[in-house]
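Report on the structure given below.
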Amino acid sequence: MELKAAIEKQRSIRKFKEDKLPGETIVELLEAARQAPSGTNLQPWRFMAVTSQEKRERLAKCTYNVNFIAQAPLIMVCCVDKSSVDTKGQRVKELRESGAFAGTDLEKMTGKDYAKKRPRDDAANLAYLSLNAAIAIEHMVLRAVDLGLGSCWVMLFSQRRVKELLELPESLHVVALLPVGYSAQDPKPRPRLAIDEIYLGEV
1 MELKAAIEKQ
11 RSIRKFKEDK
21 LPGETIVELL
31 EAARQAPSGT
41 NLQPWRFMAV
51 TSQEKRERLA
61 KCTYNVNFIA
71 QAPLIMVCCV
81 DKSSVDTKGQ
91 RVKELRESGA
101 FAGTDLEKMT
111 GKDYAKKRPR
121 DDAANLAYLS
131 LNAAIAIEHM
141 VLRAVDLGLG
151 SCWVMLFSQR
161 RVKELLELPE
171 SLHVVALLPV
181 GYSAQDPKPR
191 PRLAIDEIYL
201 GEV
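The UniProt record's numbering numbers the first residue of the sequence shown as 1 and each following residue consecutively.
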């Protein structure tokens, strides 16, 4: 499927068929996420695939009335690793060695130099990591469309209960739950603002 078609076809799906997914689906989705760009190439995203019916039903109970996610044969639990910010020096070194900074002012910058220029507190770090994870999740969403599947971003859940259920370490923060499966509905296009309502113009 062409990217433009996948973007236009994508909808938030809230009704799923019971059909199981092909065995390679999880790998296909992870590969799409893995290819996403991230600031300083931190790649802070971490994913857990929830496929058992029992765990999906229990996970649905950790949400705020988003029980439909249990219908999907797969729920990707999308997280960020808060400790990934500690790898910034190594990631900058890798970027420099790969030639990513060639011909720019960043070419001579070290990891320590970069960290000094971008100091953040814990809240700002979490927001930054979550923004990077969102790019990877959307890659996953579009790859799902390409595979003939539907999905839906879900952010109405108890962080504490999800982490307890899945026994996730303290270093992980759950950004979203992403149910994935064959759509049992064909939603109409959602209302969208016109281009002249979102475009601030050229300067």
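Glycine is no exception: its CB is placed at the ideal position from the N, C-alpha and C atoms. These numbers were taken from a predicted model, which means no experiment stands behind them.
A residue is called buried once 16 or more other Cβ atoms fall within 10 Å of its Cβ, and L177 is buried on that count. Across the set L95, A49 and L74, the C-alpha of L74 shows the shortest separation from the C-alpha of G150.
If you keep only unbroken beta strand (DSSP E) runs of at least 3 residues inside the segment 157 to 200, you get 172 to 181.
Between A36 and the set P119, L106, V85 and M140, the nearest pair of CA atoms involves M140. Out of E197, D196 and P191, the CA that lies nearest to the CA of S12 is found in P191. Every alpha helix (DSSP H) stretch that sits fully inside the segment 4 to 91 and reaches 4 residues is listed by chain position as 25 to 34 and 53 to 60. Between the segment 149 to 167 and the segment 61 to 71, the count of C-beta pairs closer than 8 Å reaches three or more; the two stretches touch.
Assigned with DSSP and collapsed to three states, V203 falls in coil, not helix or strand. Shortest Cα-Cα distance from N41 to any of Q90, E202 and V50 involves Q90. Using a 10 angstroms sphere on the CB of V77, the tally of other CB atoms reaches 16 or more, which defines it as buried.
Secondary structure note for A123: its alpha helix (DSSP H) is the uninterrupted segment D122 to D146. Rounded to the nearest whole angstrom, the C-alpha separation of S52 and S83 is 29 Å.
For E167, same chain residues with a beta-carbon under 8 Å away, outside a window of 5 residues either side, do not exist. V180 is positioned such that its CB atom lies no closer than 8 Å to that of V80. By the beta-carbon neighbour count (other beta carbons within 10 angstroms, threshold 16), A133 is buried.
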